[in-house]
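Notes follow the structure.
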Amino acid sequence: MRILVIGNLPPYVLGGAENQVARLVEAWIRLGHHVEVAGQRLENGRVQLGSVEARIHRIRITDRAGRAGRAATYFLSLAPLLRRLAPHFDVVYTRGFNDAAICISVLKHWRLLNVPLVAVPINAKGAGDAAFIRSIPGWRSLVPLLNRHTNAINIIAPAIEPDLVELGITLPVLSRIPNGIPIQPRVQRGAPGAVRKLAWTGRLSRQKGLDVLLHALAAARAGGREFVLELIGTGPEEENLRKLTAELGLGACVRFAGRVPVSEVRAHLAAADAFVFPSRYEGMSNSVLEAMEAGLPVVLTHCGGIDTYVDARTGWTCDPEDVPALVGAVNAMLDTPAAELLAMGQRARDLVEAEFEIESIARRNVDVLARAAATHGPRRR
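The sequence shown finishes on residue 869 if you use the working numbering, and the numbering steps up by one all the way, no holes.
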């Protein structure tokens, strides 16, 4: 197939959605498909994605006139790019059900574009793409366009679907394919020690709930439990989190590792005993997938994504922003015998192999893209 992807990529943007786009694009190219990517953070040229190269295009925007100016320049940049590129592709795949999907739907409504659209919404529970659409003045007029001109939507996390239904997005064909991850050789682990080594990876932002985690860890420590936590990543909340760490007396057991090269993250996960992920909201977390692939049991919150796959055999779950519940989950993890903790990590790895292997996920996505292209009808000349 010929697939045009609208989304950003590392190293231009370092985030979960961008990493997932990179994994899918690499897998699709390795499977023999022609794939190009357009994004507002990219440059025109080519980018190396693992063992393959992909052509990339820049969508030029400006923030000078605020949100309205950004939206206008995005549309004025993407529209001619799509008009030029779309005739050479079988389908457009947008990572996010937002600006790009709206732009494509408007162009299709005006009969300036005739290409099937498959969209993948990001995040849920009032903080995802449905909330973004609601924030647009006159958003109700956009819903019929999105309904009519979006051929298919892939739901990466179960909690996203009710958000779309509440918004009124009910006509596109739905698929339910999660994010995927490359499967590497299993980490050879020794028994966890008395001082449990915990890890977290991601962006230090309020979304990630690390303030809640620090309060829970302070309670666990006050109960006599020993641990060290490594926070891998940077972000806008780093200064506040460092202050809170000091205020809670956790300076000796919480380490801020800063930005770690992607190629080195797995080594940090290999050195840990368990993974903690207390987010306020998520889609389908790549960080948790990476931890489970590395053989770690997980403590995470109910965000309607990867937590729906985790049970007592592979980890512990609790509600977001619930400190007592998180304390209970953390204490249960810290109190689990070493042999059982290792076994839980191996079962987490088994789950990832069975459900999230990237080539399988890429093939399932291609099936969705192919069906959208096959049912779209003939191109207008």
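Beta carbons are placed, not taken as given, at the ideal position from N, Cα and C, and that holds for glycine.
Values in this document were obtained by computation on a predicted structure and should not be read as measured data.
Identity of the residue in L512, A618 and P568 nearest N586 by Cα | Working through the sequence shown from its first residue, we reach residue 586 at position 98. Comparing Cα positions, the closest option is A618.
If I'm right that L595 touches A567 with Cβ under 8 Å, what's the distance once you round it to whole angstroms?
-> For the purposes of this step, residue 595 is identified with residue 107 of the sequence shown, where counting begins at 1. For the purposes of this step, residue 567 is identified with residue 79 of the sequence shown, where counting begins at 1. Right, the Cβ-Cβ distance comes to about 6 Å (below 8 Å), so this counts as a contact.
Beta carbon of A679 nearer than 8 Å to that of L564 | As a working mapping, residue 679 is identified with position 191 in the sequence shown. As a working mapping, residue 564 is identified with position 76 in the sequence shown. No. Outside cutoff.
With 16 other Cβ atoms within 10 Å as the buried cut-off, status of E752 | Sequence index remark: in the sequence shown, residue 752 carries index 264 (1-based). Looking at its Cβ environment, which holds fewer than 16 other Cβ atoms inside 10 Å, E752 is exposed.
Reduced DSSP category for T561 - H, G, I as helix; E, B as strand; rest coil | To locate residue 561, count along the sequence shown from 1; it is residue 73. Secondary structure at T561: helix, using DSSP grouped into helix, strand and coil.
Confirm, please, whether the CB-CB distance from P609 to T638 is below 8 Å.
-> By 1-based counting over the sequence shown, the position of residue 638 is 150. By 1-based counting over the sequence shown, the position of residue 609 is 121. Not a contact, by the Cβ cut-off of 8 Å.
So the alpha helix (DSSP H) R747 belongs to, where does it begin and stop?
-> By 1-based counting over the sequence shown, the position of residue 747 is 259. Neither: R747 is in no alpha helix (DSSP H) and is coded neither H nor E.
Given a cut-off of 8 Å, decide if G793 and A836 are closer than it, judged by their beta-carbon atoms.
-> In the sequence shown, the residue the question calls residue 836 occupies position 348. In the sequence shown, the residue the question calls residue 793 occupies position 305. Cβ atoms of A836 and G793: not closer than 8 Å.
Excluding five sequence neighbours on each side, which residues of the same chain lie with their C-beta closer than 6 Å to the C-beta of L519?
-> In the sequence shown, the residue the question calls residue 519 occupies position 31. Within the same chain, L519 has no close Cβ partners at all.
Run the CB neighbour count on N532, radius 10 Å, all protein chains shown included, and call it buried at 16 or more, exposed below.
-> As a first step, residue 532 is located in the sequence shown; it is residue number 44 there, counting from the start. Looking at its Cβ environment, which holds fewer than 16 other Cβ atoms inside 10 Å, N532 is exposed.
Taking V956 as the reference, give the member of A615, R636, K613 and R628 with the closest Cα.
-> Nothing about residue 956 can be reported from this structure: the residues present for the chain run from 489 to 869 only.
What's the call for D855, buried or exposed, on a 16-neighbour Cβ count within 10 Å?
-> To locate residue 855, count along the sequence shown from 1; it is residue 367. Exposed, because fewer than 16 other Cβ atoms sit within 10 Å of the Cβ of D855.
By DSSP, does E809 sit in helix, in strand, or in coil?
-> On the sequence shown, residue 809 is found 321 positions in, with the first residue counted as 1. Here E809 sits in coil by DSSP.
Considering only residues of the segment 708 to 750, which uninterrupted alpha helix (DSSP H) runs meet the minimum length of 4 residues and lie entirely inside it, listed in chain order?
-> Fully enclosed alpha helix (DSSP H) runs of 4 or longer: 726 to 735.
Along the chain, where does the beta strand (DSSP E) that runs through E541 open and close?
-> The sequence position of residue 541 within the sequence shown is 53, counting from 1. Start and end: V540 to R546.
Hey, out of D699, M821 and L736, whose CA is closest to A808's CA?
-> The sequence position of residue 808 within the sequence shown is 320, counting from 1. Contrary to the premise, residue 808 reads as Pro rather than Ala in this sequence. P808 has its Cα closest to that of D699, out of D699, M821 and L736.
Would you decide whether D795 is buried or exposed? Buried here means 16 or more other CB atoms lie within 10 Å of its CB.
-> Within the sequence shown, the letter at position 307 stands for residue 795. D795 counts as buried, since no fewer than 16 other beta carbons sit within 10 angstroms of its beta carbon.
Tell me, please, whether the segment 649 to 664 touches the segment 751 to 769 by the rule of three or more beta-carbon pairs shorter than 8 Å.
-> The segment 649 to 664, when compared against the segment 751 to 769, does not touch it at the 8 Å Cβ threshold.
Report yes if the C-beta distance between L692 and L705 is below 8 Å; otherwise report no.
-> Translated into the one-based positions of the sequence shown, residue 692 becomes position 204. Translated into the one-based positions of the sequence shown, residue 705 becomes position 217. No, the pair does not count as a contact, with Cβ atoms beyond the cut-off.
Coarse secondary structure for I641, derived from DSSP in three states | Residue 641 sits at position 153 when you count from the first residue of the sequence shown. Reduced to three states, the DSSP call for I641 is strand.
F844 - DSSP class collapsed to helix/strand/coil | In the sequence shown, residue 844 corresponds to position 356, counting from 1. The DSSP-derived three-state label of F844 is coil.
Could you give the distance in angstroms between the alpha-carbon of P646 and the alpha-carbon of V750?
-> If you number the sequence shown from 1, residue 646 lands on position 158. If you number the sequence shown from 1, residue 750 lands on position 262. Roughly 28 Å separates the two Cα atoms.
What is the rounded straight-line gap between the Cα of N507 and the Cα of N774?
-> Locating residue 507 in the sequence shown gives position 19, counting from the first residue. Locating residue 774 in the sequence shown gives position 286, counting from the first residue. N507 and N774: Cα-Cα distance of roughly 8 Å.
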